Structure formats: C-alpha cells, structure tokens
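Under the UniProt record's numbering, the residue at position 211 of the sequence shown is numbered 211, and the numbers go up by one with no gaps. Beta carbons: idealized from backbone N, C-alpha and C, even for Gly. Here the structure is a predicted model, which is why all the values come from computation and not from measurement. Notes follow the structure.
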Amino acid sequence: MEHDLNLDKHLLFTPGPVNVAETLRTAICKEDICHRETDFDDLLAGIEHKLLSLFQIRNRERYRAVVITGSGTAANEAILSSVVGNGAILILSNGEFGGRLHKTSLIHNKQTHLIEMPWGVPFDVAQIAAYLLANKIDVVAMVHHETCSGMLNPLAQIGALAKACGALFVVDGVSSVGAEVIDMEACNIAFVSSSSSKALGSYPGLSFVVGRKKQFKRLKRHAAKTTYLNLATFYAFLKTHSQTPNTPAVPLFFALDQALTDILHEGVLMRYARIKARADLLRNGMRRLNLDFEIDEADMCSVLTTVRVPASVSVHDLRARLREKSIIIYEGKGCFAGKVFQVGNIGELSDDDIRYFLSTLKDVLLTLQADTADLVIPVRPNQTPPAVLPVPVPAHVRVVS
Ligand SMILES: *Cc1c(COP(=O)(O)O)cnc(C)c1O
C-alpha cells in the first residue's frame, strides 16, 4: 500500500475524533427533515433501539436511551446534575477524566466525595468497599476507560459494591463504548454516558445516556439544576414524542444512526475482537522498537496505548515529525506531559495503516535519537566523561574572528 507523503488526509491515531467511514460521510448529507415531525421521531427511535442492542441489553423494556446535542462532557454533566438531587455522590478518580467528573460534580452537588488515585494507578477495591460502609453514599461515579492513561477500571466489582450499599452506579463510558463490551445489567449500571466521536467512530457533536427506565422515571423528583442538560426533561420528550427537548443537530443523528447500523452489522463481539487485534499489532510492534508502556498491558483498554517517551527524545518533536508524515498522535497531558505519548487505534484505520505507523515511528525515533547523539562525544575507552559539544552557532549570528 502506498502512502503519499503529501496526502491531504491525516491518519488520526488518537482516541477520537477519528477517521470516519465513507458510509458516514454519505449519511450526514441526507435530505433535510424537521425535528418536530415523525421523520425525526423515527430516526431517534431507531438510534435508541440500536443503542440498546449495542449494550446487548436482554430486558430491553427496562432501559431507555436519550441523545444529547453536545460532546461527551455534556452527557457526563447531564448525569451528574440530574441523578444526585440533594444526596451524596462518591467520585472515583484515577486520572484526568475522573478529575473532570469531580469538578463537574462540585458545581452541582454539595455532598461530593472523592477517592483519588494517582494517574495510571488501579483502584484499591477494598478501600472503596470500606469507604462505602463508613459513609452514606447515594451515587457512585467512575470512568470506565480512563483515557489519560489507557486504563480500564473494574466495572463489575464497583457495580457490585454500589449494589451492596444501595447506591446507584453511574459510568463515564465516553472512550470505551463501541470498542469494549459492556454488560450494563450484570454490572448494575444505572446510567452510562458516551459520545459519537470516539470508539463509535462517528462525527463529534453528539453524546448519549443509556439508563434504567425506573431510574429515568424517578429523576423528576429532583429539582432541576440545569435547563439544557436535565435528563428528566430529555426523558419526558423521549417518552411522549421520541424527540429531544431542544433543536437537535439532525445531520449528526443521521451519521450516528449509520455508525450504529455498521457496528451492529459487524457484531459487537466481532468489532471488539477486531479493535483488540489491531491494538495487539500496534503494541507488539512498539515493543519490538524497545518502547515501554505506562501501565500493565492487562489493565489496558483496547482503544489506545500510552507509551513512555525514550530518554533522549522530545515528545513535541516526535509529534511534529510524525505529523509531517500525516500521522497524528497525542502528547501526554497533566502530570504525564513530556513523559508519554498516546497512540489510538480506533476509527477507519487498516492493518496497513498500523504497519505504516510502525515503520514511520521507527524512522522518526532513529532520526531524533541520532540528532541528540550528535551533541555528545561518545565515551572513550579511557573513561573520560562525555563532554557536550559547543552549541552550534545559529546561522543568523555572525562570528567575528
Ligand atoms: C473524551 C472524554 C471525555 C470528554 O468528551 P468530550 O467529547 O471531549 O466532551 C469524557 N470522558 C472520557 C473518558 C473521555 O475520554
């Protein structure tokens, strides 16, 4: 396969937004419809139906799904502002997005508790169990896939703990839904959020909340904390008209519907296996380049890999050089800044694209390491310490001799 270096297309090796499928490009340009007519009711009903299938829900009559015009954060804020009321919520955080749940909850919920682990460190389930025994908690919130590190958090275990103490379990599934297989019923999840543009592979701009019908019905007991993101209002409009409370981004609904059709056509389990196989190809290749990963492979989600930057390499230069070859990666953020880079493997990437990525990464790393090696005189056999060569004189400075 040929990759033209002047390719106007970027290969998005990111956790999303991702390269979208041609079927979605066609779908987003469908005819114009009115969002207060049955055409939209049918579109939304179809999306809801497919979302329940995506989660492989067995008791379908017990679940509903609402779609929000807004990115993943909108769905998370809708949950955090709609389900807690005057009760107490415990946020479990081991990274950037757990931290964001906490910040958002502090805005809406006076009784916000936090158990926090450093980025990339797994939760201590016994500690969480003890905390739930010692405190009256009504809602437990956790990120499923903590995108900043690539860590998959234990849904089934935390779901069981929440159930045992009578708390609702709510999950940020923004970066895992569409890749990982999530069993909402077995994991005792009351509400899960996700967005259109990560592992679902559609355009950015929509998010959704899937939840138990019984819990959706109860939401109207709480006083509204927001207008736009009130899940009780979303549920009322869904139930009576299969519509959204406010003007929806209709073309994005067409694209999301197509993305879900394509996923269900492939099969949820088959899709997971394909994405996981691609992650393995990528990880094996990077291990062969002597690269180390930030977390244990057993804890990793199938959608991305967080890689330690080799000592002599600047992550900024690495990203810039890869970009010249049409490859887009992420630099680490927060406490990972300068230390890691992240490589996603979702969206329309082929195995050939993965191989192109690996060979390009190898070339770029060799070039960058050779550049830094030039600055150091190698250690001599007589063990004199390495000396740093004089910094080259920039071209615009005239040397007077
Ligand atoms: C990307 C992401 C979000 C935020 O989604 P936006 O679409 O950027 O609003 C929330 N949680 C997780 C785990 C994410 O990966």
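Rounded separation between residue i and residue j - CA only
i: N290; j: G173; result: 32 Å
i: H222; j: V83; result: 8 Å
i: T226; j: I158; result: 28 Å
i: E31; j: L24; result: 14 Å
i: L12; j: Y356; result: 13 Å
i: M286; j: T306; result: 11 Å
i: D299; j: K217; result: 36 Å
i: T14; j: A199; result: 10 Å
i: A337; j: I295; result: 16 Å
i: L54; j: R288; result: 35 Å
i: N135; j: H113; result: 10 Å
i: S175; j: M184; result: 16 Å
i: G267; j: D352; result: 23 Å
i: N284; j: V170; result: 34 Å
i: D292; j: F123; result: 22 Å
Neighbourhood of residue i by C-beta distance below 7 Å, restricted to the same chain and skipping five residues each side
i: H241; result: D41
i: I312; result: Just to set this straight, residue 312 is Ser in the shown sequence, not Ile. The residues are Q369 and T372.
i: D39; result: I33
i: V121; result: N94
Cβ-based neighbour list, residue i, same chain, cut-off 8 Å, excluding 5 preceding and 5 following
i: Y272; result: A179, E180, V181 and S302
i: E96; result: W119, E146, T147, C148, K333 and G334
i: P204; result: G16, P17, S71, S195, S196 and S197
i: M234; result: In the sequence as presented, Met is not what sits at residue 234; that position holds Phe. Counting only Cβ-Cβ distances below 8 Å, and skipping sequence neighbours, we find V66, I68, A78, V209, T244 and P245.
i: C165; result: L132, L133 and I137
i: K9; result: N19 and S326
i: L282; result: T305, V343, N345, I354, F357 and L358
i: K110; result: N86
Spatially closest choice to residue i from the options, by CA coordinates
i: H144; options: V20, Y131 and I189; result: I189
i: D371; options: I329, S350, D317 and G159; result: D317
i: A74; options: D183, V192, P122 and L54; result: V192
i: R308; options: F123, L365 and L152; result: L365
i: F237; options: V67, D39, I328 and T26; result: V67
i: S202; options: A134, N19, H10 and N94; result: N19
i: L256; options: N86, H49 and S105; result: H49
i: S93; options: I328, R278 and N153; result: N153
i: I33; options: S175, A88 and L252; result: L252
i: R321; options: D352, P310, T360 and F293; result: T360
i: L264; options: H35, L51, I328 and A45; result: L51
i: N76; options: R58, I57, V121 and T104; result: T104
i: S207; options: I47, S314, V139 and D124; result: I47
Beta-carbon contacts of residue i that lie in its chain and below 6 Å, excluding the five residues immediately before and after
i: L5; result: Legend: pLDDT at L5 = 48, less than 50; position of this residue unreliable, value from coordinates given subsequently. Counting only Cβ-Cβ distances below 6 Å, and skipping sequence neighbours, we find nothing.
i: A249; result: T69 and G205
i: A224; result: N230
i: H108; result: L80, S81 and K225
i: L349; result: none
i: residue 446; result: A question about residue 446 goes unanswered here, because the residues of the chain that appear run from 1 up to 401.
i: I57; result: Y63
i: L44; result: S242
Distance between beta carbons of residue j and residue i, contact taken as under 8 Å
i: G16; j: I346; result: 7 Å
i: L101; j: I91; result: 5 Å
i: A141; j: C187; result: Not a contact, Cβ separation roughly 14 Å.
i: L161; j: A129; result: 5 Å
i: G211; j: Y63; result: 7 Å
i: A21; j: D262; result: 6 Å
i: K220; j: A232; result: 5 Å
Residue i: CB within 7 Å of a non-hydrogen atom of ligand 2
i: G166; result: For the structure depicted, ligand 2 is absent and the ligand set comprises only ligand 1.
Contact with chain D by residue i, beta-carbon distance below 8 Å
i: D8; result: Checking the listed chains, one finds no chain D in this structure; it contains a single protein chain.
Let me know the alpha helix (DSSP H) ranges lying completely inside the region 104-183, each 4 residues or longer, listed in chain order.
You should have 125-134 and 155-164.
At which residue ranges does the region 197-248 contain complete beta strand (DSSP E) runs of 3 or more residues, listed in the order of the chain?
List check, beta strand (DSSP E) in window: 206-212.
Ordered list of beta strand (DSSP E) runs contained in the region 303-388, each at least 3 residues
304-308 and 340-344
Can you list, in chain order, the stretches of the alpha helix (DSSP H) that have 4 or more residues and sit fully within the region 30-57?
38-54
Which ranges would you report for the alpha helix (DSSP H) in the region 252-306 if only whole runs of at least 4 residues count?
As far as the region 252-306 is concerned, its whole alpha helix (DSSP H) runs of at least 4 residues are 268-288.
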